Amino acid sequence: MALDEGMPDCKLTESVDVQSASETSAHPFSNVSPPSGFCTKIVLTNESGELCFGRHIRGENFRYVLVHKHVTFAVCSEMTQEQAQTSLCRIYCRKFKVDKFFVATESHALAALKKADALFLCPGCGIEPIKTGQCTKFGESYYSHACSVRTAKGKECFALQVHQEAYSKSDAQTKQNPKPKLRQRAARQSVQLLRTRRKLAKAQETVEKLRLVNQSVADTAFEQKISGLPPKQRLAVRTCFKAASKKSSCGMAYDKLWVLECILMRMKSPQLYEHIRKHEIMTLPSKTCLDKHLQRFKSTFGFNPKVFSAPEQKTKEINEFSHHRGVMIGVRVQSACLWKVRVTKTEKNRVHARCCLDNDDDDGSEDVACMRTCGTP
300 MALDEGMPDC KLTESVDVQS ASETSAHPFS NVSPPSGFCT KIVLTNESGE
350 LCFGRHIRGE NFRYVLVHKH VTFAVCSEMT QEQAQTSLCR IYCRKFKVDK
400 FFVATESHAL AALKKADALF LCPGCGIEPI KTGQCTKFGE SYYSHACSVR
450 TAKGKECFAL QVHQEAYSKS DAQTKQNPKP KLRQRAARQS VQLLRTRRKL
500 AKAQETVEKL RLVNQSVADT AFEQKISGLP PKQRLAVRTC FKAASKKSSC
550 GMAYDKLWVL ECILMRMKSP QLYEHIRKHE IMTLPSKTCL DKHLQRFKST
600 FGFNPKVFSA PEQKTKEINE FSHHRGVMIG VRVQSACLWK VRVTKTEKNR
650 VHARCCLDND DDDGSEDVAC MRTCGTP
């Protein structure tokens with residue numbers, strides 16, 4: 300039952316003679332005597348025009364006095380013809396207002412006090428609830444939030460019976476299933492930890508598979524988009540995207556073909572190469588990186604003997620009629636300069652070679668050295 304009006308501030312007195320003469324004569328029911336020895340008259344500090352009677356009980360081991368019922372008589376503020384010379388009586392039980400009616404005479408006021416004294420209240424439960432907030436505490440007892448306050452012959456209310464039944468079931472379950480020992484709890488926690496680790500490993504494996512699938516799909520789509528570019532442009536684009544996926548280009552491994560192209564670009568124009576690299580127009584390796592790659596190249600002076608042995612073997616098989624025509628042999632070299640070797644054969648089957656140095660093409664394409672063997676005119 301909800302509390303309609305707050306309980307007034309009360310002060311318990313030992314006898315009625317404590318009140319002054321002005322306060323006694325101010326209320327028409329000031330001469331009404333309490334119906335029992337447990338009922339006393341209370342002085343209201345905040346409402347001087349009201350008269351209050353409280354029924355008290357002693358707490359555990361007589362440590363305190365608890366007022367669990369009190370009755371107030373207040374003069375009506377708005378008098379009507381029917382309510383003339385009447386007072387409003389309110390009965391409170393455990394801070395809840397349970398009844399309200401009008402009284403006109405002292406006999407009616409005494410009957411109201413006897414009615415309040417005869418009310419049976421829910422005794423409450425002395426067992427503390429399992430979870431906090433399930434019940435309210437009044438004195439040393441616990442009451443349900445849905446308690447009806449008044450009961451028949453002082454029995455427990457229905458809400459309290461439900462609470463006690465639920466507590467009895469939980470208590471029985473606790474007794475049937477006692478708390479496991481420390482060794483058992485440790486074993487269970489170890490099994491749970493092992494299962495959690497397995498689930499975590501499986502989840503990590505799934506994430507890794509999804510990442511690889513996503514990466515392969517992205518690489519396939521990327522290759523399809525750049526498939527229409529020339530080979531060297533595709534190489535430059537791959538290098539740029541590879542550098543974009545890293546935090547820094549320091550220590551990045553470059554493709555050998557791209558390193559060779561960078562060496563040729565730097566040989567042609569070092570200033571332009573440094574400008575492109577400084578302004579990050581393209582992803583180019585540093586001079587130190589290029590020097591390390593250049594150290595791996597093995598170079599010797601002169602010409603390879605196989606270059607001369609091949610024309611010699613060719614001219615041996617040429618007949619006399621074929622001496623009047625020439626033989627063109629192409630040699631693919633990758634350098635900044637082009638060497639041209641001219642091989643001639645005399646009538647006595649002697650081979651002569653003459654080398655000349657020409658500049659390569661400006662477009663950077665593969666250079667071809669031509670070796671010519673000529674017969675006698």
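FYI, the numbering for the sequence shown is 300 to 676, going by this note's numbering. The C-beta atom is built at its ideal place from N, Cα and C for all residues, glycine as well. On a predicted model such as this, the values are computed, not experimentally measured, just so you know.
Subject >> Cβ-Cβ separation, residue 449 to residue 392 (assumed contact under 8 Å), whole Å >> reply: That pair is a contact at about 7 Å.
**OP:** Throw me the rounded Cβ distance for the residue 456 and residue 421 pair, which I believe falls under 8 Å.
**Re:** Going by Cβ atoms, the distance from residue 456 to residue 421 rounds to 5 Å, so yes, they are a contact pair.
Original post:
Does the beta-carbon of residue 339 have 16 or more other beta-carbons within 10 angstroms, so that it is buried, or is it exposed?
Top reply: Residue 339 comes out buried.
**OP:** Please determine if the stretch 499–510 and the stretch 522–538 are in contact, where contact requires at least 3 C-beta pairs separated by less than 8 Å.
**Re:** Not touching, per the Cβ criterion.
Original post:
According to the neighbour-count rule (16 or more other Cβ atoms, all chains shown, within 10 Å of its Cβ), is residue 492 buried or exposed?
Top reply: Burial call: exposed.
Original post:
My guess is that residue 462 and residue 443 are in contact by the Cβ rule of under 8 Å, so how many angstroms apart are they, rounded?
Top reply: Here residue 462 really is in contact with residue 443; their C-beta atoms are around 5 Å apart, less than 8 Å.
Original post:
Exposed or buried, which one is residue 465 when buried takes at least 16 other CB atoms within 10 Å?
Top reply: By the neighbour-count rule (16 or more Cβ atoms within 10 Å), residue 465 is not buried but exposed.
Subject >> residue 368, buried or exposed, once every other Cβ within 10 Å from all chains shown has been counted against 16 >> reply: Residue 368 should be labelled buried.
Subject >> Backbone secondary structure at residue 554 - three-state DSSP >> reply: When DSSP states are grouped into helix, strand and coil, residue 554 belongs to the coil group.
Subject >> Distance, residue 507 Cα to residue 558 Cα >> reply: Straight-line Cα distance between these residues: approximately 32 Å.
**OP:** Pull up the distance between the alpha-carbon of residue 373 and that of residue 409, whole angstroms please.
**Re:** Distance between the alpha carbons of residue 373 and residue 409: 15 Å.
Original post:
Taking C-beta to C-beta, are residue 412 and residue 327 nearer than 8 Å?
Top reply: No, Cβ-Cβ distance for residue 412 and residue 327 is not below 8 Å.
**OP:** May I ask you to report which of helix, strand or coil DSSP gives residue 571?
**Re:** In the three-state scheme derived from DSSP, where H, G and I count as helix and E and B as strand, residue 571 is classed as helix.
Original post:
Can you tell which of 544, 539, 550, 405 has its C-alpha closest to the C-alpha of residue 386?
Top reply: With respect to the C-alpha of residue 386, the residue from 544, 539, 550, 405 having the closest C-alpha is 405.
Original post:
Looking at the unbroken beta strand (DSSP E) that takes in residue 677, where does it start and where does it end?
Top reply: Examination of residue 677 is not possible in this model, given that the chain is present from 300 through 676 alone.
Original post:
Using CA coordinates, which residue listed in 458, 451, 452 is at the minimum distance from residue 441?
Top reply: Minimum Cα distance to residue 441 is reached at 458.
Subject >> Coil, strand or helix - residue 559 by DSSP >> reply: Here residue 559 sits in helix by DSSP.
Original post:
In its own chain, which residues sit with a C-beta less than 6 Å from the C-beta of residue 371, not counting the 5 before and 5 after it?
Top reply: So the list reads 349, 351, 389, once near-sequence residues are dropped.
Original post:
Which word fits residue 415, buried or exposed, when buried means at least 16 other C-beta atoms lie within 10 angstroms of its C-beta?
Top reply: Buried: at least 16 other Cβ atoms inside 10 Å.
Subject >> Helix, strand or coil at residue 374 [DSSP, three-state] >> reply: Taken through DSSP and simplified to helix, strand or coil, residue 374 comes out as strand.
Original post:
Does the Cβ-Cβ distance between residue 562 and residue 593 come in under 8 Å?
Top reply: Yes. Within cutoff.
Original post:
In angstroms, rounded to a whole number, what distance separates the CA positions of residue 329 and residue 375?
Top reply: About 16 Å.
**OP:** Spatial neighbours of residue 323 within its chain, please: CB distance less than 7 Å, with the 5 preceding and 5 following residues excluded, ordered by chain position.
**Re:** Here the model assigns residue 323 a pLDDT of 42, short of 50, so the residue's position is not dependable, and the following value carries that caveat. Setting aside the 5 residues that flank it on each side, residue 323 is surrounded in the same chain by 329, each with a C-beta closer than 7 Å to its C-beta; the list follows chain order.
Subject >> Cα-Cα separation between residue 544 and residue 533, rounded to whole angstroms >> reply: Those two C-alpha atoms are separated by around 17 Å.
Subject >> Closest Cα partner of residue 263 within the set 486, 395, 607, 521 >> reply: The structure shown has nothing for residue 263, since the chain only spans 300 to 676.
Original post:
Are the Cβ atoms of residue 518 and residue 538 separated by less than 8 Å?
Top reply: It is not a contact, given that the beta carbons lie outside the stated cut-off.
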